[in-house]
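S.K.: What follows is a single structure, and I will ask about it in a moment.
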Ligand code: NAP
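Right, here's the structure in full:
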């Protein structure tokens, strides 16, 4: 239980509602900033304005998945008010206060470092990335179905990258009956692809491999699906680029060539916001719980 913990949830989308639900269930006391248009009320959670928040009383600040903008602004789907998190606010928090975010940027990293507060990035955690790969794959299947006139079963699919998303994508498309090839640069990845009963290829061979592929699914956040690779693809090939913006595809050239290429960021939040929220809520509850027990033990 988190009885006695005071936590501020600052901005966010539907995923944050699962976090609020979980933390109030665990008896934490919550201040909700940027939620005034949310009709639902949670017992133990009070809607407040950022300028009214007592930062000195907070044990944790929870920011939305994207963190802040480079100007410190926080996304607020349930509010029309502008919410900005400043270094001054973070400095007012007690030294033990931890700031949780999905990802960071120079601004957020800078203000937390200057204020000497710990910043925990949930999306850098393997557990979150692996859990999140489940709704990501489901979203990818949805896109493949929506944008092709053939079945996934029997189609030739190339997955680029064997990271946390690549493994899940390759395994699921294989299970759906696709003929899956996976491109990687490390020999241990090529070995693993073979062990998974999939066809391995070196990324250097991508221009040859794509000659007879129906779907290319990229998970590599690096320009790999270049103009020269796209020029070798049949015109019916569908490219689904899952890598973080700007993706790894030359979209300008794909459009010129008439090859359909889709950048598909943030699929968990789009196809399964409840699940995506629960993933974050469970990990956050565990992390905050561990921190709380540690402090109680020390105090
Ligand atoms: P990951 O575990 O770090 O895997 C990344 C893969 O890319 C690894 O196989 C890595 O291979 C490879 N790679 C990286 N740089 C490369 C380069 N320059 N050349 C060749 N290979 C390279 O990351 P992940 O968790 O799978 O996520 C993959 C991407 O998807 C990220 O950009 C992430 O933000 C994004 N993502 C998108 C969604 C969505 O909804 N679209 C959801 C979740 C994640 P090595 O091991 O050889 O470096």
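Numbering (my numbering), first residue to last: 7 to 305.
Yeah, the Cβ is synthetic: ideal placement off N, Cα and C, and Gly gets one too.
Small disclaimer: the values here were computed from a predicted structure and weren't measured.
1) Return the Cβ separation of residue 191 and residue 166 in integer angstroms, given the expectation that the two are a contact with Cβ distance under 8 Å.
2) Measure the C-alpha to C-alpha separation of residue 33 and residue 109 and round it to an integer number of angstroms.
3) So, is residue 215 buried or exposed, given that buried needs 16 or more other C-beta atoms within 10 angstroms?
4) Would you report the Cα separation of residue 195 and residue 226, rounded to the nearest angstrom?
5) Is the number of C-beta pairs between the segment 265-280 and the segment 10-28 that are closer than 8 Å three or more?
6) Can you name the residues that DSSP bridges to residue 206?
7) Pairs of beta-carbons, one from the segment 110-128 and one from the segment 44-56, closer than 8 Å: are there three or more?
8) Would a C-beta distance cut-off of 9 Å place residue 240 and residue 205 closer than the cut-off?
9) Three or more C-beta pairs closer than 8 Å, one from the segment 147-161 and one from the segment 112-130: is that the case here?
10) Over the uninterrupted beta strand (DSSP E) stretch that includes residue 266, give me the two end residues.
11) Quick one: residues with CB closer than 7 Å to any heavy atom of ligand 1, in chain order, please.
12) Can you tell which of 41, 262, 42, 273 has its C-alpha closest to the C-alpha of residue 332?
13) Do you know offhand how far residue 100's Cα is from residue 198's?
14) Is there at least one non-hydrogen atom of ligand 3 closer than 8 Å to the beta-carbon of residue 186?
M.R.: Looking at the coordinates:
1) 10 Å between Cβ atoms; not a contact.
2) 27 Å
3) buried
4) 14 Å
5) yes
6) 188
7) no
8) no
9) no
10) 266-269
11) 135, 138, 139, 142, 145, 167, 168, 169, 170, 171, 172, 190, 191, 192, 195, 209, 225, 226, 227, 228, 230, 248, 249, 250, 270, 271, 272, 273, 274
12) Since the first residue of the chain shown is 7 and the last is 305, residue 332 is not available in this structure.
13) 47 Å
14) For the structure depicted, ligand 3 is absent and the ligand set comprises only ligand 1.
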